[in-house]
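Visitor:
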Amino acid sequence: MSRTIKISKRKREILNAAAILFRYKGYSATSMRDLAEKVGLEVSSLYSHIKSKEEILITLCFNCANLYSQGLNQIMDMDTGAMQKLDAIMDLHINIAIDHPSSITVFNDEWKHLGVADLTEFLKVRKNYEKVVKSVLQNGMDEKVFKEYPLDILMNTVLSAMRWIHYSNSEYGKVERSTVQNTVKNIVMSGIKY
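Residue numbers (this note's numbering): 8 to 201.
#1: Out of 78, 95, 143, which one is the CA nearest neighbour of residue 189?
#2: Compute the distance between the beta-carbons of residue 74 and residue 139, then report whether it is under 8 angstroms.
#3: Report, in whole angstroms, the separation of the C-beta atoms of residue 158 and residue 141, which I expect to be a contact under 8 angstroms.
#4: State the DSSP-derived secondary structure class of residue 200, mapped to helix, strand or coil.
#5: For the structure I just gave you, are there three or more beta carbon pairs, one from the segment 41-55 and one from the segment 97-106, closer than 8 angstroms?
#6: Measuring CB to CB, does residue 110 end up less than 8 angstroms from residue 71?
#7: Note down the Cα distance separating residue 174 from residue 112, rounded to an integer number of angstroms.
#8: Please report the straight-line C-alpha distance between residue 61 and residue 42, rounded to a whole angstrom.
#9: Please look up how many angstroms separate the CB atoms of residue 114 and residue 67, rounded, as I've assumed it's under 8 angstroms.
#10: Starting from residue 165 and walking both ways along the alpha helix (DSSP H), at which residues does that stretch end?
#11: Determine the contact status of residue 161 and residue 117, defining contact as a CB-CB distance below 8 angstroms.
#12: Apart from the five residues on each side of it in sequence, which residues of its chain come closer than 7 angstroms, Cβ to Cβ, to residue 45?
#13: Counting C-beta neighbours from all protein chains within 10 Å, is the total for residue 123 16 or more, i.e. buried, or is it exposed?
#14: Of all Cβ atoms in chain D, is any one closer than 8 angstroms to the Cβ of residue 139?
#15: What do you get for residue 201, buried or exposed, if any count of 16 or more other CB atoms within 10 angstroms of its CB means buried?
#16: Which residues mark the beginning and the end of the alpha helix (DSSP H) in which residue 127 is found?
Listed below in structure tokens is the structure:
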């Protein structure tokens, strides 16, 4: 299940600023005063756009989850084999990391601060995503295009190969996107392809 959250232009600015603050200071260390200063508002005015810091976290986490889920749904609709689907999944991860580095940092690192109900839903969405990625990897092993490895280890290794990109976006921003994509994909594929 994906949660769609409509966002006004001003709220988008607030969310982007919050994502940057959460990225560099962490969710817990970021105050509403910090955010208000960052976007040039009084704290009281900030609350006319958002209800709480938790609302920001929820929105950032679920918007990223939607990016991944929608991208994965399109990939799974492709009439291709496991190799091409895994290639597209890696492109999806790399593109999202490069295009949304602060939001992805929040998605990867700050989700643990979600309230119980939202955390439960978020983890369910994440597990469903992992289940689909595992199915692609299992299909690749069944098709004999990927080497046989324990599925959980393989899935976590493949996804972990791309979890650093959003941290280093400014460092690698000068490197062509295609260079990052090709390098990461070649390293991963060389380890799992027959």
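Note that CB positions come from ideal geometry on N, CA and C, so glycine has one too.
Guide: Quick look at the numbers:
#1: What you label residue 189 is simply residue 182 of the sequence shown in a count that begins at 1. For residue 189, the nearest C-alpha among the options comes from 95.
#2: For the purposes of this step, residue 74 is taken as residue 67 along the sequence shown, with counting starting at 1. For the purposes of this step, residue 139 is taken as residue 132 along the sequence shown, with counting starting at 1. Going by C-beta atoms, residue 74 is not nearer than 8 angstroms to residue 139.
#3: Counting from 1 along the sequence shown, the entry for residue 158 is found at position 151. Counting from 1 along the sequence shown, the entry for residue 141 is found at position 134. Correct: roughly 5 angstroms between the Cβ atoms.
#4: Within the sequence shown, the letter at position 193 stands for residue 200. DSSP places residue 200 in the strand class (E or B) of the three-state scheme.
#5: Because the criterion of three Cβ pairs below 8 angstroms is not met, the segment 41-55 and the segment 97-106 do not touch.
#6: As a first step, residue 110 is located in the sequence shown; it is residue number 103 there, counting from the start. As a first step, residue 71 is located in the sequence shown; it is residue number 64 there, counting from the start. Between residue 110 and residue 71, the CB-CB gap stays under 8 angstroms.
#7: Locating residue 174 in the sequence shown gives position 167, counting from the first residue. Locating residue 112 in the sequence shown gives position 105, counting from the first residue. Their backbone Cα atoms lie some 7 angstroms apart in a straight line.
#8: Counted from its first residue, the sequence shown places residue 61 at position 54. Counted from its first residue, the sequence shown places residue 42 at position 35. Distance between the alpha carbons of residue 61 and residue 42 is about 13 angstroms.
#9: Taking the sequence shown and counting its residues from 1, the one referred to as residue 114 is at position 107. Taking the sequence shown and counting its residues from 1, the one referred to as residue 67 is at position 60. Yes, residue 114 and residue 67 are in contact; Cβ-Cβ is about 7 angstroms, under 8 angstroms.
#10: Sequence index remark: in the sequence shown, residue 165 carries index 158 (1-based). In the DSSP annotation of this structure, the continuous segment of the alpha helix (DSSP H) that includes residue 165 starts and ends at 158-167.
#11: Sequence index remark: in the sequence shown, residue 161 carries index 154 (1-based). Sequence index remark: in the sequence shown, residue 117 carries index 110 (1-based). No, Cβ-Cβ distance for residue 161 and residue 117 is not below 8 angstroms.
#12: Counting from 1 along the sequence shown, the entry for residue 45 is found at position 38. Apart from sequence neighbours up to five positions away, the residues of its chain that approach residue 45 with a beta-carbon distance below 7 angstroms are 24, 28, ordered along the chain.
#13: Position 116 of the sequence shown, counting from 1, holds the residue named residue 123. Here residue 123 is exposed: its Cβ has fewer than 16 other Cβ atoms, across all protein chains shown, within 10 Å.
#14: The chain inventory of the structure shown lacks chain D, comprising one protein chain alone.
#15: As a first step, residue 201 must be located in the sequence shown, where it is residue number 194. Burial call: exposed.
#16: Against the sequence shown, residue 127 aligns to sequence position 120. Start and end: 123-149.
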